[in-house]
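Engineer:
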Amino acid sequence: MRDQYFQNPPEKQFEFDAALAVVFDDMLARSVPQYNESLDTAADVIFRFLGGSGDERKRILDIGCSTATLLLKLFKKNPNFELIGADSSSAMIEKAREKASAFGAKIDFICADANDLEFNNLDAIAANYLLQFIRPLGREKFVEKICGFLKKGGIFVFSEKLSCDHKKLDKILLDRYYDFKRSMGYSDYEISAKREALENVLVPFSESENKKMVLNAGFSFVECVLRWNNFATFAAIKND
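In our numbering, the protein residues as written are 55 to 294.
Laid out in structure tokens, this is it:
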């Protein structure tokens, strides 16, 4: 369904509710530059890093899985993957289950706050546009927890909206981003309404801040594997 979520003044604080879940796939495709490319990149990097299409089962967790788009890409690459999707929104989990069922994909879903998750011995973890919603003071500690979920040599792939440390350049990047949203059919009102709804809710780090955070949290290596303007996908390795 086409995203018209912010065409009218919001009646409540921004949340990942049922009304958002219905239009979420369209919202991301039209709001995040190279969104499909970032998911394709994440899926392919994980797939190749874990050894491709072998029969050995690998456990992969997608934190903040929303409607399971990334998990379905991973399922198509290797149906033998043990896939787990976690999201705090019951509406998103319900939509994810519907999509997985439609594709005949075996995926386990958990409705839980990301901070309440407990795992070990995972081969890979994905988190798409999740960390930016975690309060900055607790973000590194959360990534440290993610690192603890992984086996030695495991991989963490995540995508984030970025800030820029140079104020003038940051404004240019934001203006280019808003131009992209206009080109995707969003009005200036919708752009402004969403920006206001997410103010102090979505707090982006710069590329350098994300890399520093990940290394401080226990990963031995991190690389930006895809970037457009102020959006990027990273791959971090634990004790490679």
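All C-beta atoms, glycine included, are put in the ideal place defined by N, C-alpha and C.
Thinking C-alpha only, which one of V197, K215, T123, E277 is nearest R249?
Structural biologist: For the purposes of this step, residue 249 is taken as residue 195 along the sequence shown, with counting starting at 1. It is K215.
Engineer: Go ahead and label N284 buried or exposed: buried means 16 or more other beta carbons lie within 10 angstroms of its beta carbon, across all protein chains shown.
Structural biologist: Looking up residue 284 in the sequence shown gives position 230. When all chains shown are included, N284 counts as buried.
Engineer: Between the beta-carbon of N295 and the beta-carbon of F163, is there less than 8 Å?
Structural biologist: There is no way to answer for residue 295, as the model of the chain reaches only from 55 to 294.
Engineer: Please report the distance separating the alpha-carbon of N42 from that of I226.
Structural biologist: This structure does not reach residue 42, given that the chain is present from 55 up to 294, and the question cannot be answered.
Engineer: CA-CA distance, D170 and I117?
Structural biologist: In the sequence shown, residue 170 corresponds to position 116, counting from 1. In the sequence shown, residue 117 corresponds to position 63, counting from 1. Looking at the two C-alpha atoms, the distance is approximately 11 Å.
Engineer: Using the C-alpha atoms, what's the distance from C218 back to F212?
Structural biologist: For the purposes of this step, residue 212 is taken as the residue at position 158 of the sequence shown. For the purposes of this step, residue 218 is taken as the residue at position 164 of the sequence shown. Near 18 Å, if we compare the C-alpha coordinates of C218 and F212.
Engineer: Which residue comes first and which comes last in the alpha helix (DSSP H) that contains V197?
Structural biologist: Here residue 197 refers to the residue found at position 143 of the sequence shown. It spans 190–203 - the alpha helix (DSSP H) in which V197 sits, taken as one unbroken run.
Engineer: Figure out for me which residue from L137, S260, L204, N254 has the closest Cα to the Cα of D224.
Structural biologist: As a working mapping, residue 224 is identified with position 170 in the sequence shown. The shortest Cα separation from D224 among L137, S260, L204, N254 belongs to S260.
Engineer: Cα separation between L185 and P258?
Structural biologist: Translated into positions along the sequence shown, residue 185 becomes position 131. Translated into positions along the sequence shown, residue 258 becomes position 204. Whole-angstrom Cα-Cα distance: 8 Å.
Engineer: Under the rule that 16 or more other beta-carbon atoms within 10 Å means buried, what is E253, buried or exposed?
Structural biologist: Stepping through the sequence shown from its first residue, residue 253 is reached at position 199. Exposed, since its Cβ has fewer than 16 Cβ neighbours within 10 Å.
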